[in-house]
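Each position in the sequence shown, counted from 1, maps to that position plus 6 in this note's numbering.
This report refers to the structure that appears directly beneath it.
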Amino acid sequence: MQIFIANKQNLSKSQIDGLSLGSQTVSGALVLDDDEKVIRYPSNWLSTLLDLQEISYKSAETYGRNTIYFLKFLIERPEYVGLAPDEILLRVNRSVLEDWIIRQQDSGLLDRSTIRNRESSVRSLYDFLSDNERQDSVLEKSPFPKKYISAQPHKKQVVSASLIDLLALMYECRYERDRLLLQFMYDAGVRISEVERITFGDVQKAIRFTNSAFVNSEKVDVPVRPGYAPVLIRGAKGRGGSVKERFAVVTTATLKRIASYHSTPLYKRYQQKYRNRHTFPAFLNTEGNPYNEDSLAKMIERRSDKALKKGRISKTIHAHLFRHASAYLTLEDPDLGEDFLDRLVNVQKTLGHSSITTTERYTSIPHDIYNSIADSELGALRTKIDKMEKVVEQTKLRIKPGDRK
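Pasting the structure below:
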(Lines of atoms letter the chains of each structure in order from A and count residues from 1; the text may use other names and numbers.)
(Lines give C-alpha, C1' and ligand atoms only; values in the text may rest on other atoms or scores of the structure.)
Protein backbone atom coordinates (compact mmCIF):
# COMPACT_ATOMS: atom_id res chain seq x y z
CA MET A 1 0.00 0.00 0.00
CA GLN A 2 1.13 3.52 -0.75
CA ILE A 3 0.07 7.10 -0.18
CA PHE A 4 0.66 10.02 -2.54
CA ILE A 5 0.20 13.64 -1.46
CA ALA A 6 0.15 16.34 -4.14
CA ASN A 7 0.41 20.06 -3.41
CA LYS A 8 -0.20 21.87 -6.70
CA GLN A 9 1.77 19.16 -8.44
CA ASN A 10 1.96 18.69 -12.20
CA LEU A 11 0.35 15.37 -13.04
CA SER A 12 2.86 14.76 -15.81
CA LYS A 13 5.41 14.33 -13.02
CA SER A 14 3.31 11.72 -11.22
CA GLN A 15 5.25 9.16 -9.21
CA ILE A 16 2.67 6.44 -9.83
CA ASP A 17 4.25 3.78 -12.01
CA GLY A 18 2.53 3.06 -15.30
CA LEU A 19 0.14 6.01 -15.00
CA SER A 20 0.17 8.34 -18.01
CA LEU A 21 -1.47 11.69 -17.36
CA GLY A 22 -1.81 15.01 -19.12
CA SER A 23 -0.18 18.20 -17.93
CA GLN A 24 -2.50 19.30 -15.11
CA THR A 25 -1.83 20.78 -11.69
CA VAL A 26 -3.61 19.12 -8.79
CA SER A 27 -3.68 19.00 -5.00
CA GLY A 28 -4.99 16.14 -2.91
CA ALA A 29 -4.22 12.63 -1.73
CA LEU A 30 -4.38 9.10 -3.07
CA VAL A 31 -4.18 5.95 -0.99
CA LEU A 32 -3.42 2.90 -3.15
CA ASP A 33 -3.72 -0.80 -2.36
CA ASP A 34 -1.11 -3.44 -3.23
CA ASP A 35 -2.50 -3.63 -6.78
CA GLU A 36 -2.12 0.16 -7.13
CA LYS A 37 -5.88 0.65 -7.12
CA VAL A 38 -7.25 3.72 -5.39
CA ILE A 39 -8.79 3.09 -1.97
CA ARG A 40 -11.69 5.49 -2.23
CA TYR A 41 -12.70 6.38 1.32
CA PRO A 42 -9.26 7.28 2.76
CA SER A 43 -8.40 9.16 -0.44
CA ASN A 44 -11.61 11.23 -0.30
CA TRP A 45 -11.13 11.88 3.40
CA LEU A 46 -7.58 13.21 3.10
CA SER A 47 -8.29 15.18 -0.07
CA THR A 48 -11.30 16.85 1.56
CA LEU A 49 -9.35 17.82 4.69
CA LEU A 50 -6.58 19.26 2.52
CA ASP A 51 -9.04 21.12 0.32
CA LEU A 52 -10.71 22.69 3.37
CA GLN A 53 -7.26 23.44 4.84
CA GLU A 54 -8.15 21.54 8.01
CA ILE A 55 -4.77 19.77 8.02
CA SER A 56 -1.33 20.47 6.57
CA TYR A 57 0.23 18.36 3.83
CA LYS A 58 2.70 16.99 6.35
CA SER A 59 -0.17 15.94 8.62
CA ALA A 60 -1.92 14.33 5.65
CA GLU A 61 1.12 12.11 5.13
CA THR A 62 1.01 11.05 8.78
CA TYR A 63 -2.75 10.38 8.68
CA GLY A 64 -2.30 8.39 5.49
CA ARG A 65 0.53 6.24 6.86
CA ASN A 66 -1.42 5.52 10.04
CA THR A 67 -4.45 4.49 8.00
CA ILE A 68 -2.31 2.14 5.93
CA TYR A 69 -1.03 0.48 9.13
CA PHE A 70 -4.66 -0.02 10.15
CA LEU A 71 -5.65 -1.45 6.75
CA LYS A 72 -2.76 -3.91 6.80
CA PHE A 73 -4.01 -5.15 10.16
CA LEU A 74 -7.54 -5.53 8.80
CA ILE A 75 -6.73 -7.48 5.63
CA GLU A 76 -4.92 -10.13 7.67
CA ARG A 77 -8.10 -10.97 9.57
CA PRO A 78 -9.90 -14.11 8.30
CA GLU A 79 -13.37 -12.51 8.33
CA TYR A 80 -12.25 -9.99 5.70
CA VAL A 81 -10.65 -12.38 3.20
CA GLY A 82 -11.65 -11.55 -0.38
CA LEU A 83 -13.07 -8.12 0.45
CA ALA A 84 -11.81 -4.83 -0.99
CA PRO A 85 -10.24 -2.36 1.49
CA ASP A 86 -13.13 0.12 1.20
CA GLU A 87 -15.65 -2.61 2.00
CA ILE A 88 -13.56 -3.80 4.94
CA LEU A 89 -13.50 -0.30 6.42
CA LEU A 90 -17.30 -0.23 6.48
CA ARG A 91 -17.47 -3.55 8.39
CA VAL A 92 -15.20 -2.58 11.28
CA ASN A 93 -16.76 -2.66 14.76
CA ARG A 94 -15.56 -1.74 18.23
CA SER A 95 -14.27 -5.23 18.94
CA VAL A 96 -11.97 -5.08 15.91
CA LEU A 97 -10.70 -1.66 16.99
CA GLU A 98 -9.92 -2.95 20.47
CA ASP A 99 -8.05 -5.92 18.98
CA TRP A 100 -6.03 -3.51 16.86
CA ILE A 101 -5.03 -1.39 19.85
CA ILE A 102 -4.18 -4.45 21.96
CA ARG A 103 -2.06 -5.90 19.14
CA GLN A 104 0.01 -2.71 19.02
CA GLN A 105 0.39 -2.54 22.78
CA ASP A 106 1.41 -6.20 23.08
CA SER A 107 4.03 -5.89 20.35
CA GLY A 108 6.23 -3.85 22.67
CA LEU A 109 7.53 -1.97 19.63
CA LEU A 110 5.41 1.16 19.95
CA ASP A 111 5.13 3.67 22.77
CA ARG A 112 1.83 5.05 24.01
CA SER A 113 2.17 8.30 22.07
CA THR A 114 2.56 6.47 18.76
CA ILE A 115 -0.44 4.23 19.42
CA ARG A 116 -2.57 7.22 20.46
CA ASN A 117 -1.48 9.06 17.33
CA ARG A 118 -2.55 6.15 15.12
CA GLU A 119 -5.90 5.88 16.87
CA SER A 120 -6.47 9.63 16.41
CA SER A 121 -5.86 9.33 12.68
CA VAL A 122 -8.26 6.43 12.18
CA ARG A 123 -10.85 8.14 14.41
CA SER A 124 -10.71 11.12 12.08
CA LEU A 125 -11.37 8.85 9.09
CA TYR A 126 -14.46 7.35 10.73
CA ASP A 127 -15.69 10.75 11.86
CA PHE A 128 -15.55 11.76 8.20
CA LEU A 129 -17.36 8.65 6.99
CA SER A 130 -20.18 9.16 9.50
CA ASP A 131 -20.49 12.96 9.16
CA ASN A 132 -23.85 13.88 7.60
CA GLU A 133 -23.11 17.61 7.66
CA ARG A 134 -19.98 17.33 5.54
CA GLN A 135 -21.26 14.80 2.99
CA ASP A 136 -23.74 12.00 2.46
CA SER A 137 -22.35 9.70 5.12
CA VAL A 138 -21.61 6.08 4.30
CA LEU A 139 -21.85 5.04 7.95
CA GLU A 140 -24.64 5.72 10.41
CA LYS A 141 -22.14 6.20 13.23
CA SER A 142 -18.46 5.78 13.94
CA PRO A 143 -17.42 2.43 15.49
CA PHE A 144 -15.21 4.31 17.95
CA PRO A 145 -16.46 5.02 21.49
CA LYS A 146 -16.40 8.59 22.79
CA LYS A 147 -13.31 7.95 24.91
CA TYR A 148 -10.03 6.80 23.44
CA ILE A 149 -9.36 3.07 23.48
CA SER A 150 -5.59 3.42 23.75
CA ALA A 151 -3.84 4.22 27.02
CA GLN A 152 -3.05 7.82 27.93
CA PRO A 153 0.48 8.66 26.68
CA HIS A 154 3.14 9.25 29.29
CA LYS A 155 4.23 12.85 29.67
CA LYS A 156 7.80 13.08 28.43
CA GLN A 157 10.32 15.30 30.17
CA VAL A 158 11.44 18.16 27.95
CA VAL A 159 15.17 17.91 27.22
CA SER A 160 17.14 20.98 26.17
CA ALA A 161 20.69 21.95 25.29
CA SER A 162 22.68 23.92 27.87
CA LEU A 163 24.94 26.83 27.04
CA ILE A 164 27.90 24.50 27.48
CA ASP A 165 26.34 22.20 24.87
CA LEU A 166 25.96 25.16 22.52
CA LEU A 167 29.58 26.21 23.00
CA ALA A 168 30.79 22.64 22.47
CA LEU A 169 29.08 22.44 19.08
CA MET A 170 30.28 25.90 18.11
CA TYR A 171 33.89 24.94 18.86
CA GLU A 172 33.48 22.13 16.31
CA CYS A 173 32.53 24.69 13.62
CA ARG A 174 35.47 25.96 11.57
CA TYR A 175 33.59 28.88 10.11
CA GLU A 176 32.00 31.93 11.70
CA ARG A 177 28.85 31.61 9.55
CA ASP A 178 28.02 28.24 11.17
CA ARG A 179 28.78 29.46 14.69
CA LEU A 180 26.53 32.50 14.43
CA LEU A 181 23.75 30.37 12.92
CA LEU A 182 23.81 28.03 15.93
CA GLN A 183 23.75 31.03 18.27
CA PHE A 184 20.76 32.51 16.43
CA MET A 185 18.82 29.24 16.62
CA TYR A 186 19.54 29.02 20.35
CA ASP A 187 18.63 32.66 20.97
CA ALA A 188 15.50 32.85 18.78
CA GLY A 189 14.07 29.36 19.35
CA VAL A 190 13.29 28.86 15.66
CA ARG A 191 12.30 25.54 14.16
CA ILE A 192 14.92 24.08 11.85
CA SER A 193 12.47 24.36 8.92
CA GLU A 194 12.13 28.12 9.50
CA VAL A 195 15.81 29.05 9.16
CA GLU A 196 15.92 29.18 5.35
CA ARG A 197 13.07 31.74 5.28
CA ILE A 198 14.95 34.31 7.39
CA THR A 199 16.36 37.04 5.16
CA PHE A 200 18.99 39.76 5.16
CA GLY A 201 16.14 42.27 5.27
CA ASP A 202 14.67 40.67 8.41
CA VAL A 203 17.98 41.12 10.24
CA GLN A 204 18.32 44.70 9.00
CA LYS A 205 14.83 45.57 10.27
CA ALA A 206 15.69 44.14 13.68
CA ILE A 207 18.95 46.11 13.79
CA ARG A 208 17.08 49.32 12.93
CA PHE A 209 14.61 48.53 15.70
CA THR A 210 17.44 48.41 18.26
CA ASN A 211 18.70 51.80 17.04
CA SER A 212 15.32 53.52 17.27
CA ALA A 213 13.28 54.71 20.20
CA PHE A 214 9.96 53.56 18.77
CA VAL A 215 8.21 50.44 17.55
CA ASN A 216 7.93 50.30 13.77
CA SER A 217 4.66 49.98 11.88
CA GLU A 218 4.61 46.17 12.04
CA LYS A 219 2.51 44.72 14.81
CA VAL A 220 4.82 43.22 17.41
CA ASP A 221 2.79 41.33 20.00
CA VAL A 222 5.68 40.52 22.35
CA PRO A 223 7.30 42.93 24.83
CA VAL A 224 10.67 44.22 23.64
CA ARG A 225 13.14 45.91 26.00
CA PRO A 226 16.53 47.53 25.39
CA GLY A 227 19.07 44.93 24.35
CA TYR A 228 16.48 42.89 22.42
CA ALA A 229 14.74 43.22 19.07
CA PRO A 230 11.87 41.44 17.30
CA VAL A 231 12.80 39.32 14.28
CA LEU A 232 10.07 38.25 11.87
CA ILE A 233 9.83 34.46 11.65
CA ARG A 234 7.93 32.95 8.75
CA GLY A 235 6.73 29.90 10.60
CA ALA A 236 6.52 26.27 9.64
CA LYS A 237 3.90 25.62 6.99
CA GLY A 238 0.52 24.86 8.50
CA ARG A 239 -2.89 24.01 7.12
CA GLY A 240 -3.17 24.35 3.39
CA GLY A 241 0.53 25.09 3.07
CA SER A 242 0.10 28.55 4.63
CA VAL A 243 3.01 30.13 6.51
CA LYS A 244 2.24 31.51 9.97
CA GLU A 245 4.23 34.61 10.87
CA ARG A 246 5.35 35.57 14.36
CA PHE A 247 8.08 37.57 16.05
CA ALA A 248 10.96 36.11 18.04
CA VAL A 249 12.73 38.30 20.59
CA VAL A 250 16.47 38.12 19.85
CA THR A 251 19.36 39.77 21.69
CA THR A 252 21.28 42.57 20.02
CA ALA A 253 24.50 40.64 20.68
CA THR A 254 23.32 37.90 18.34
CA LEU A 255 21.93 40.33 15.76
CA LYS A 256 25.14 42.39 15.66
CA ARG A 257 27.14 39.20 15.17
CA ILE A 258 24.99 38.32 12.16
CA ALA A 259 25.18 41.89 10.84
CA SER A 260 28.97 41.77 11.11
CA TYR A 261 28.97 38.64 8.94
CA HIS A 262 26.60 40.29 6.46
CA SER A 263 29.04 43.20 6.04
CA THR A 264 31.90 40.93 4.90
CA PRO A 265 33.01 40.59 1.26
CA LEU A 266 32.35 36.85 1.61
CA TYR A 267 28.62 37.31 2.23
CA LYS A 268 28.24 40.23 -0.20
CA ARG A 269 29.81 38.20 -3.01
CA TYR A 270 26.93 35.72 -2.84
CA GLN A 271 24.33 38.42 -2.15
CA GLN A 272 25.14 40.15 -5.44
CA LYS A 273 23.49 37.27 -7.29
CA TYR A 274 20.08 38.41 -6.00
CA ARG A 275 18.18 41.21 -7.68
CA ASN A 276 16.65 42.21 -4.33
CA ARG A 277 19.31 41.95 -1.65
CA HIS A 278 16.75 42.31 1.15
CA THR A 279 15.20 38.94 0.26
CA PHE A 280 18.60 37.21 0.20
CA PRO A 281 18.87 34.41 2.81
CA ALA A 282 20.49 35.44 6.08
CA PHE A 283 22.33 32.14 6.56
CA LEU A 284 24.44 30.34 3.96
CA ASN A 285 26.31 27.07 3.64
CA THR A 286 29.83 26.53 2.24
CA GLU A 287 28.63 26.90 -1.36
CA GLY A 288 26.84 30.17 -0.65
CA ASN A 289 23.39 28.59 -0.79
CA PRO A 290 20.74 28.80 1.94
CA TYR A 291 20.64 25.92 4.38
CA ASN A 292 17.61 23.70 3.90
CA GLU A 293 16.13 21.59 6.67
CA ASP A 294 18.00 18.39 5.79
CA SER A 295 21.43 19.94 5.25
CA LEU A 296 21.18 21.98 8.46
CA ALA A 297 20.15 18.92 10.47
CA LYS A 298 23.14 17.00 9.10
CA MET A 299 25.51 19.88 9.88
CA ILE A 300 24.36 19.94 13.50
CA GLU A 301 24.50 16.14 13.71
CA ARG A 302 28.13 16.11 12.53
CA ARG A 303 29.15 18.75 15.08
CA SER A 304 27.30 16.88 17.82
CA ASP A 305 29.00 13.58 16.95
CA LYS A 306 32.44 15.20 17.10
CA ALA A 307 31.74 16.92 20.41
CA LEU A 308 30.34 13.69 21.85
CA LYS A 309 33.44 11.70 20.87
CA LYS A 310 35.67 14.32 22.50
CA GLY A 311 33.62 14.19 25.70
CA ARG A 312 32.56 17.83 25.44
CA ILE A 313 28.86 16.92 25.66
CA SER A 314 27.03 14.07 27.39
CA LYS A 315 24.16 13.59 24.94
CA THR A 316 23.41 13.91 21.25
CA ILE A 317 22.34 17.44 20.38
CA HIS A 318 19.84 18.16 17.63
CA ALA A 319 18.25 21.40 16.50
CA HIS A 320 15.02 21.10 18.49
CA LEU A 321 16.98 21.06 21.77
CA PHE A 322 18.05 24.63 20.95
CA ARG A 323 14.37 25.56 20.67
CA HIS A 324 13.66 24.10 24.10
CA ALA A 325 16.68 25.92 25.53
CA SER A 326 15.42 29.22 24.15
CA ALA A 327 12.16 28.70 26.05
CA TYR A 328 14.04 28.20 29.31
CA LEU A 329 16.23 31.25 28.65
CA THR A 330 13.07 33.34 28.40
CA LEU A 331 11.44 31.79 31.47
CA GLU A 332 14.38 32.68 33.71
CA ASP A 333 15.03 36.15 32.24
CA PRO A 334 13.58 38.97 34.42
CA ASP A 335 13.81 41.32 31.43
CA LEU A 336 11.28 39.28 29.44
CA GLY A 337 8.28 39.38 31.75
CA GLU A 338 7.09 40.74 35.08
CA ASP A 339 6.60 37.27 36.55
CA PHE A 340 6.79 33.59 35.57
CA LEU A 341 3.29 33.50 34.05
CA ASP A 342 4.02 36.62 32.01
CA ARG A 343 7.21 35.02 30.69
CA LEU A 344 5.36 31.78 29.92
CA VAL A 345 2.92 33.68 27.69
CA ASN A 346 5.88 35.32 25.96
CA VAL A 347 7.38 31.89 25.29
CA GLN A 348 4.10 30.82 23.69
CA LYS A 349 4.15 33.84 21.38
CA THR A 350 7.82 33.72 20.40
CA LEU A 351 7.87 29.96 19.76
CA GLY A 352 4.57 30.07 17.87
CA HIS A 353 2.63 27.60 20.01
CA SER A 354 -1.07 27.64 19.13
CA SER A 355 -2.00 26.57 22.66
CA ILE A 356 -0.58 27.57 26.05
CA THR A 357 -0.92 23.89 27.02
CA THR A 358 2.03 23.10 24.75
CA THR A 359 4.10 25.82 26.40
CA GLU A 360 3.23 24.59 29.90
CA ARG A 361 5.46 21.55 29.30
CA TYR A 362 8.36 23.78 30.25
CA THR A 363 7.01 24.27 33.77
CA SER A 364 7.68 20.63 34.73
CA ILE A 365 11.46 20.70 34.33
CA PRO A 366 13.36 19.85 37.55
CA HIS A 367 14.97 22.91 39.14
CA ASP A 368 18.49 21.48 39.02
CA ILE A 369 18.23 21.04 35.25
CA TYR A 370 16.39 24.34 34.85
CA ASN A 371 19.10 26.25 36.68
CA SER A 372 21.88 24.52 34.74
CA ILE A 373 20.91 26.59 31.72
CA ALA A 374 23.03 29.32 33.37
CA ASP A 375 26.01 26.94 33.48
CA SER A 376 28.43 27.56 36.33
CA GLU A 377 31.35 27.66 33.91
CA LEU A 378 29.89 30.83 32.43
CA GLY A 379 29.30 32.44 35.80
CA ALA A 380 26.10 33.75 37.36
CA LEU A 381 24.48 35.09 34.22
CA ARG A 382 20.86 36.11 34.75
CA THR A 383 19.63 37.48 31.47
CA LYS A 384 19.66 36.20 27.92
CA ILE A 385 21.62 39.32 26.98
CA ASP A 386 24.42 38.38 29.41
CA LYS A 387 24.57 34.84 28.09
CA MET A 388 24.59 35.70 24.40
CA GLU A 389 27.24 38.39 24.91
CA LYS A 390 29.40 35.79 26.65
CA VAL A 391 28.89 33.33 23.78
CA VAL A 392 30.02 35.96 21.26
CA GLU A 393 33.05 36.80 23.38
CA GLN A 394 34.15 33.16 23.58
CA THR A 395 33.39 31.93 20.07
CA LYS A 396 33.48 34.71 17.45
CA LEU A 397 35.87 34.10 14.55
CA ARG A 398 37.32 36.77 12.30
CA ILE A 399 36.40 36.56 8.61
CA LYS A 400 39.34 37.83 6.54
CA PRO A 401 38.79 39.68 3.23
CA GLY A 402 40.23 36.83 1.16
CA ASP A 403 38.23 34.03 2.79
CA ARG A 404 36.34 31.85 0.33
CA LYS A 405 34.21 29.97 2.88
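Where is the CB? At the ideal position from N, CA and C, for every residue including glycine.
Computed from a predicted structure; not experimentally measured.
Asked: Given a cut-off of 9 Å on the beta-carbon distance, is the pair phenylalanine 206 and proline 287 in contact?; Found: yes
Asked: Mark asparagine 295 as exposed unless 16 or more other C-beta atoms lie within 10 angstroms of its C-beta, in which case mark it buried.; Found: exposed
Asked: Relative to the C-alpha of isoleucine 155, which candidate in Ser166, Val102, Val164 and Ser168 has its C-alpha closest?; Found: Val102
Asked: Output the distance between the C-alpha atoms of valine 237 and isoleucine 213, rounded to the nearest integer angstrom.; Found: 9 Å
Asked: Between the alpha carbons of isoleucine 11 and leucine 131, how many angstroms are there, rounded?; Found: 16 Å
Asked: Where DSSP assigns a beta bridge to isoleucine 11, which residues make up the other side?; Found: Ala35
Asked: Rounded to whole angstroms, what's the CA-CA distance from methionine 191 to glycine 343? Just pull it up for me.; Found: 21 Å
Asked: Threshold first: 3 residues or longer. Then list the beta strand (DSSP E) segments lying entirely within the stretch 247-277, N to C.; Found: 249-257
Asked: What did DSSP end up calling arginine 185 once you bin it into helix, strand or coil?; Found: helix
Asked: Can you look up valine 165 in the DSSP assignment and give me helix, strand or coil?; Found: coil
Asked: What did DSSP end up calling alanine 331 once you bin it into helix, strand or coil?; Found: helix
Asked: When you compare the stretch 35-53 with the stretch 69-82, are there three or more beta-carbon pairs, one atom per stretch, that lie closer than 8 Å?; Found: yes
Asked: Whose CA, out of Val165, Glu395, Arg185 and Asp392, lies closest to the CA of alanine 331?; Found: Val165
Asked: Using beta-carbon positions only, say whether alanine 325 and arginine 197 come within less than 9 Å of one another.; Found: yes
Asked: Just to confirm my understanding: we take alanine 66, look at its own chain, exclude 5 residues before and 5 after, and list those with CB closer than 6 Å. What are they?; Found: Ile11, Ala35, Leu52 and Leu56
Asked: Use the C-beta contact count for glutamine 158: other C-beta atoms within 10 angstroms, 16 or more gives buried, fewer gives exposed.; Found: exposed
Asked: May I ask you to verify whether the stretch 164-181 touches the stretch 251-260, counting CB pairs closer than 8 Å and requiring at least 3?; Found: no
Asked: DSSP on tyrosine 234, reduced to helix/strand/coil?; Found: strand
Asked: Taking C-alpha atoms, which residue in Ser136, Val98 and Gly70 lies nearest to asparagine 123?; Found: Gly70
Asked: What residues in its chain sit with their C-beta under 6 Å from that of alanine 259, if we drop five residues either side in the sequence?; Found: Met394, Glu395 and Val398
Asked: I need the straight-line Cα distance from threonine 389 to lysine 250, nearest angstrom please.; Found: 28 Å
Asked: Short check: CB of isoleucine 319 to CB of alanine 174, under 9 Å?; Found: yes
Asked: Using alpha carbons as the reference points, say which of Ala265, Asp133 and Lys152 lies closest to serine 143.; Found: Asp133
Asked: On the DSSP letters alone, give me the boundaries of the alpha helix (DSSP H) that aspartate 92 sits inside.; Found: 91-96
Asked: Applying the criterion that 16 or more other CB atoms from any shown protein chain within 10 Å of the CB defines a buried residue, is tyrosine 280 buried or exposed?; Found: exposed
Asked: With a Cβ-Cβ cutoff of 9 Å, do proline 151 and arginine 83 count as a contact?; Found: no
Asked: Which residues in the same chain have their Cβ closer than 8 Å to the Cβ of histidine 284, if we skip the five residues on either side of it in sequence?; Found: Thr205, Phe206, Gly207 and Gln210
Asked: Quick one, are the C-beta atoms of arginine 185 and threonine 322 less than 9 Å apart?; Found: no
Asked: Skipping 5 residues on each side, what residues in its chain have a beta carbon closer than 8 Å to that of lysine 312?; Found: Glu178
Asked: Count the other CB atoms, across all protein chains shown, that sit within 10 Å of the CB of glutamate 338; report buried if there are 16 or more and exposed otherwise.; Found: buried
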